[in-house]
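One structure is given here, and the rest of the page talks about it.
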Amino acid sequence: MIHARDLARTFKTKSGPVEAVRGVSLDVAEGELVAFLGPNGAGKSTSVRMLTTLLPPSSGGALVGGHDIVRDPAAVRRKIGYVGQGTGSGPYHRVRDELITQGRAQRMSAADARRRADELLGMLELEGLADRDCSSLSGGQRRRLDVALGLMHTPQILFLDEPSTGLDPHSRANLWGHITRVRKESGMTIFLTTHYLDEADMMAERVMIMDHGRMIADDTPERLKADLAGDTIRVSFLGDGETVTAAELAQNLPQARDIAPNGRSLTLTVRDGEAILPEFIARLQAKGLDIATASVRRPTLDDVFLGLTGRSLRENAVAA
Ligand SMILES: Nc1ncnc2c1ncn2[C@@H]1O[C@H](COP(=O)(O)OP(=O)(O)O)[C@@H](O)[C@H]1O
Ligand SMILES: [Mg+2]
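Be aware that the sequence shown starts at 77, since it is given in the numbering used here, and climbs by one per residue.
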C-alpha cells in the first residue's frame with residue numbers, strides 16, 4: 077500500500093536549509109498498522125505530509141495505494157484519509173454537518189454523505205453529539221470527530237499524525253479502542269505517528285523509528301527489543317565483595333553485556349533473561365554466594381531508542 081524510496085525534503089529557511097527528511101525508504105503492506113516513532117523534529121510529520129501529497133518531496137518518491145504521489149496526487153488522495161496534527165473541524169459547525177460537508181467536498185452525493193456520516197457517528201460513538209457545535213467537544217471527542225472526518229470517503233489507507241497527543245490517558249485508550257475497531261471492521265491500512273512509546277509498543281505490529289530525518293529501525297516491537305535492547309538481569313547479594321566474583325561468572329554467560337557491579341548488586345544485559353537467570357543463580361550458588369534478590373526486567377522501546385541513539389525518547393516525550 078505504501079512504497080517509499082529515498083524520500084527527502086529540505087526546507088529553505090532564513091537561517092539556512094533544514095534537512096527535515098534525509099532519504100526515507102519504507103514499505104507497508106495492506107492491512108498493516110505501522111507506528112512511526114521518533115522525537116520531536118525527527119521528520120515524522122514531514123514524511124507523512126509527503127506521503128499524503130500535501131508537500132512535494134525535494135527528491136525520491138513514493139507509491140501510495142498504487143499511485144505516484146508526485147505524478148498522480150489526485151488518485152492518491154482518493155485512496156487515503158489524513159488526520160493531521162492539528163484539528164481539522166470548524167468550530168462553529170455541528171458535528172453531523174461537519175461530516176456531511178466533508179463528504180460533499182469529496183463529491184459524495186448528499187444522500188451518501190448523510191448515510192456515511194451516520195455510520196461513522198455510530199462507529200466512533202459520537203451519535204449523542206451529532207447536533208452539538210464542534211467547539212463544545214472535549215479533546216477526546218474532537219479527536220474522534222477528526223478520525224471520522226478522515227474516514228468519510230472510505231479510504232483504504234488512513235494516516236494519523238500524533239492522533240493521541242494532548243489527550244489524557246483515558247481518552248487515549250478510548251480513541252485507540254475506536255481506531256482498533258474501525259480497523260477490524262474495515263481491514264484498513266493504518267500509518268500513524270506518535271511519540272508515546274507504550275502506545276507504539278501496544279498498538280502496532282511494526283514500528284519504524286525515525287531520528288534526525290532518517291529511519292534508524294524498522295521491525296516488530298518484540299524483535300526490536302530482543303535485538304537492540306535485551307533483558308536486564310539484576311542480582312543483589314547479602315555480603316560485601318560478592319559482586320566481584322559474580323561479575324566474573326557473568327562474563328561466561330551467553331551474549332552477556334553491560335556487566336555492571338554497583339555496591340552489593342550487579343546488573344547485566346542478556347538476550348533472553350528468563351532463560352538465563354536460573355542458570356546464573358545456579359552458578360552463583362555453586363560458588364557459595366548469598367543472593368538477596370534477583371529479577372529480570374524486559375526492555376521497552378525507550379531502551380531500543382537509547383541503544384540506537386544514546387538518548388531517551390521518554391524524556392523527549394515528557395518535555396513535549
Ligand atoms: N515548513 C517548514 N519550514 C522549515 N522547517 C520545517 C518546516 N516543517 C518542518 N520543519 C523542520 O523540519 C524538521 C522535522 O519536522 P517535523 O517533520 O514536523 O518533525 P516531527 O513531526 O517528527 O516532530 C524540524 O526540524 C522542523 O523544524
Ligand atoms: Mg509532527
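Backbone N, C-alpha and C define an ideal beta-carbon position, used for all residues, glycine too.
Specify, as a first and last residue, the run of the beta strand (DSSP E) that residue i falls within.
i: Ala111; result: Leu109 to Leu113
i: Met284; result: Arg282 to Asp287
i: Ile367; result: Ile367 to Arg373
i: Ala336; result: Arg333 to Asn338
i: Thr86; result: Ile78 to Thr89
i: Val159; result: Ile156 to Val159
i: Leu377; result: Careful: Leu377 lies outside any beta strand (DSSP E), inside the alpha helix (DSSP H) at Leu377 to Thr385.
i: Thr265; result: Thr265 to Thr270
i: Ala138; result: Ser135 to Val140
i: Val258; result: Looking at the DSSP string, Val258 is not in any beta strand (DSSP E); the run it does join, the alpha helix (DSSP H), is Pro245 to Ser262.
i: Arg290; result: Arg290 to Asp295
i: Val223; result: Segment Gly215 to Leu227 is the alpha helix (DSSP H) holding Val223; no beta strand (DSSP E) there.
i: Leu234; result: Ile233 to Asp237
i: Ile309; result: Asp307 to Phe313
i: Leu342; result: Ser341 to Val346
Could you check the C-alpha separation between residue i and residue j for me, to the nearest Å?
i: Arg257; j: Glu201; result: 11 Å
i: Thr296; j: Leu196; result: 30 Å
i: Asp378; j: Arg290; result: 17 Å
i: His79; j: Cys210; result: 36 Å
i: Asp237; j: Pro354; result: 44 Å
i: Arg340; j: Gly315; result: 7 Å
i: His143; j: Gly226; result: 19 Å
i: Ser262; j: Ala358; result: 52 Å
i: Lys155; j: Gly198; result: 22 Å
i: Lys260; j: Val311; result: 43 Å
i: Leu221; j: Arg373; result: 39 Å
i: Ile228; j: Pro133; result: Sequence check: residue 228 is Met here, not Ile. Computed Cα separation, rounded: 27 Å.
i: Val97; j: Ala322; result: 46 Å
i: Phe267; j: Gly99; result: 18 Å
i: Glu324; j: Ile367; result: 16 Å
i: Ala293; j: Gly253; result: 27 Å
i: Met286; j: Leu175; result: 33 Å
i: Asp244; j: Leu273; result: 15 Å
i: Glu95; j: Ala84; result: 8 Å
i: Pro149; j: Asp82; result: 18 Å
i: Ile255; j: Ala326; result: 45 Å
i: Ile352; j: Leu344; result: 11 Å
i: Ala111; j: Gly317; result: 46 Å
i: His271; j: Leu213; result: 24 Å
i: Asp103; j: Glu281; result: 14 Å
i: Leu382; j: Gly215; result: 31 Å
i: Met284; j: Ser101; result: 11 Å
i: Gly349; j: Gly117; result: 35 Å
i: Asp188; j: Thr308; result: 55 Å
i: Val152; j: Thr369; result: 57 Å
i: Phe356; j: Val380; result: 24 Å
i: Gln361; j: Arg390; result: 37 Å
Would the beta-carbon of residue i be found less than 7 Å away from any heavy atom of ligand 2?
i: Thr269; result: yes
i: Glu275; result: no
i: Glu238; result: yes
i: Gln161; result: yes
Quick one: using the 10 Å Cβ neighbour count with 16 as the cut-off for buried, is residue i buried or exposed?
i: Thr423; result: In the structure as shown, the chain starts at 77 and stops at 396, and residue 423 therefore has no counterpart that could be examined.
i: Gln178; result: buried
i: Asn250; result: buried
i: Lys363; result: exposed
i: Lys120; result: buried
i: Met278; result: exposed
i: Lys88; result: exposed
i: Asp207; result: exposed
i: Gly136; result: buried
i: Gly204; result: exposed
i: Ser185; result: exposed
i: Arg299; result: exposed
i: Glu275; result: buried
Let's see if you can read the secondary structure: which residues bound the alpha helix (DSSP H) around residue i?
i: Glu95; result: No alpha helix (DSSP H) holds Glu95; the beta strand (DSSP E) holding it covers Gly92 to Val104.
i: Thr177; result: Val171 to Ala181
i: Ser121; result: Lys120 to Leu127
i: Thr423; result: In the structure as shown, the chain begins at 77 and stops at 396. Residue 423 is therefore absent and cannot be evaluated.
Any beta carbon of chain B sitting closer than 8 Å to that of residue i?
i: Phe87; result: Protein chains in the displayed structure number just one, and chain B is not present.
Any heavy atom of ligand 1 within less than 6 Å of residue CB: hits in chain order | Phe87, Thr89, Val94, Ala96, Gly114, Asn116, Gly117, Ala118, Gly119, Lys120, Ser121 and Thr122
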